[in-house]
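In this note's numbering, the protein residues as written are 5 to 318.
Working notes, structure below.
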C-alpha cells in the first residue's frame, strides 16, 4: 500500500510542506525506536467528513508518551485541533491520519532524555488493510509470541513494539496468509500484528483482556460498546488457541483493519467460511456510525470541513 503524499504535514505546531518533513539520520528514534504513534481514520459523511474517536486516540498518544517518559508540549485539545487543521489544509477525506511523537536529534546512547521530542501529524488516502475482502481473511497462528509482561509495555502504542508485529506479518505473508495471530507468553490468544481479535461462540462475543499483552484498541472498545448496545452478551477473558478453530465467527478490529471477518485460521475454516451474523451486525453498526448513515449515539465523530470524494463502506 504505497503512501500517497498530500500537501502539508503538521510539525511541532506548524504546517509544513510534505517533502520538508524530514529528520536527521542520527535522530534517537532511528537507532532505538523511541517513538509513540496513533492511527486514526476520517470517514466521509453525507455532508462533509468526520474523524472517528479523535479525543480517545490523542489521549492514548499522550498516555503512550507518559509511559515512556516522553513529555509532549501539547494538550489533548491542541492535538485534536491539529488533526482537524491538517485534514482541512490538505482537503483530503476519507483519509488515514498518522500522529507520531519521537525522540529527535540530540545525543547518542540508549538514554533518550537528552534528545528533543518532535511531534508530526500527517494524513493521506488509505483503503482496506486486511486482505480477504467481504468473504473474510485467511490467517495463521504466528510462531512469534507477543511481548511478555514487564518487558515492553503493551498498552503503549510504541514504534519499537512493531518490530514484533513486523515479524508476525512477514511470516504470515511468506506462508501465504493475510495476517498472523500472536499468542502471549503463556500460549493464550493475544492479538494480530496490528489488530485486536474477537471470537463468537454460541452467541457470546469474546475478546482477550488487556492482560494478555493486547493493545487497548479504540476500535476494540467501539465494538464492545456497540455489542452491549445491541444486547449481545460480551466477555473479556483469556482465550485458548483451540477455541479459535471451533468458533462460530472470528474477526479482527483496528483503525486500519476496521471490522474484518476471518474466514480461516491455519487452514481450518471458521463456521461455514462466510462472515457470521454477529460480525455483520456489528460491522453494519460500526460503518453506519462512521459514515454518518446512523446516529452518532455515542458522540464518536469530530466534523471536519472537507468535501469528500467517496464514502468508505464495509
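Here a beta-carbon is modelled for each residue, glycine too, at the ideal position from N, C-alpha and C.
Residue environment, residue i, which counts as buried when at least 16 other CB atoms sit within 10 Å
i, result
"residue 316", "Reliability fails at residue 316, whose pLDDT of 41 lies under 50, so the model's placement of it is uncertain and the value that follows must be treated cautiously. Result: buried."
"residue 302", "exposed"
"residue 81", "exposed"
"residue 23", "exposed"
"residue 142", "buried"
"residue 115", "exposed"
"residue 308", "buried"
"residue 261", "buried"
"residue 68", "buried"
"residue 233", "exposed"
"residue 178", "exposed"
"residue 2", "Summary: the structure shown does not reach residue 2, with the chain confined to residues 5 through 318, and so no result is reported for it."
"residue 103", "buried"
"residue 113", "exposed"
Residue from the options with nearest C-alpha to residue i
i, options, result
"residue 266", "202, 228 and 243", "202"
"residue 194", "157, 239 and 245", "245"
"residue 87", "185, 77, 280 and 15", "15"
"residue 310", "41, 63, 17 and 49", "49"
"residue 180", "192, 270 and 113", "270"
"residue 78", "63, 173 and 5", "63"
"residue 89", "126, 211 and 75", "126"
"residue 11", "43, 95 and 70", "95"
"residue 57", "25, 280, 101 and 146", "101"
"residue 295", "153, 99 and 225", "99"
"residue 1", "131, 25 and 76", "Past the boundaries of the shown model lies residue 1; the chain is included only from 5 to 318, so the question cannot be answered."
"residue 247", "232, 225, 224 and 274", "274"
"residue 305", "30, 47, 264 and 25", "47"
CB-CB length for residue i against residue j, believed under 8 Å
i, j, result
"residue 298", "residue 219", "Not a contact, Cβ separation roughly 26 Å."
"residue 216", "residue 258", "Their Cβ separation, rounded to whole angstroms, is 16 Å, which puts residue 216 and residue 258 out of contact at 8 Å."
"residue 124", "residue 13", "6 Å"
"residue 53", "residue 97", "4 Å"
"residue 34", "residue 44", "No, residue 34 and residue 44 are not in contact; Cβ-Cβ is about 24 Å, not under 8 Å."
"residue 39", "residue 105", "7 Å"
"residue 256", "residue 264", "4 Å"
Cβ shell of residue i (< 8 Å), same chain only, five flanking positions each side left out
i, result
"residue 117", "73"
"residue 111", "32, 118 and 119"
"residue 206", "252"
"residue 148", "168, 171, 172, 175, 184 and 186"
Beta-carbon contacts of residue i that lie in its chain and below 6 Å, excluding the five residues immediately before and after
i, result
"residue 249", "272"
"residue 8", "128 and 129"
"residue 150", "186, 188, 194 and 217"
"residue 213", "240"
"residue 144", "176, 181, 184 and 270"
"residue 164", "37"
Short Cβ contact (7 Å threshold) for residue i with residue j
i, j, result
"residue 139", "residue 169", "no"
"residue 172", "residue 184", "yes"
"residue 71", "residue 157", "yes"
Cβ-based neighbour list, residue i, same chain, cut-off 7 Å, excluding 5 preceding and 5 following
i, result
"residue 230", "286, 289 and 290"
"residue 59", "80 and 84"
"residue 300", "293"
"residue 282", "204, 209, 236 and 253"
"residue 3", "This structure leaves residue 3 out entirely; the chain is present only between 5 and 318."
"residue 28", "109"
"residue 18", "none"
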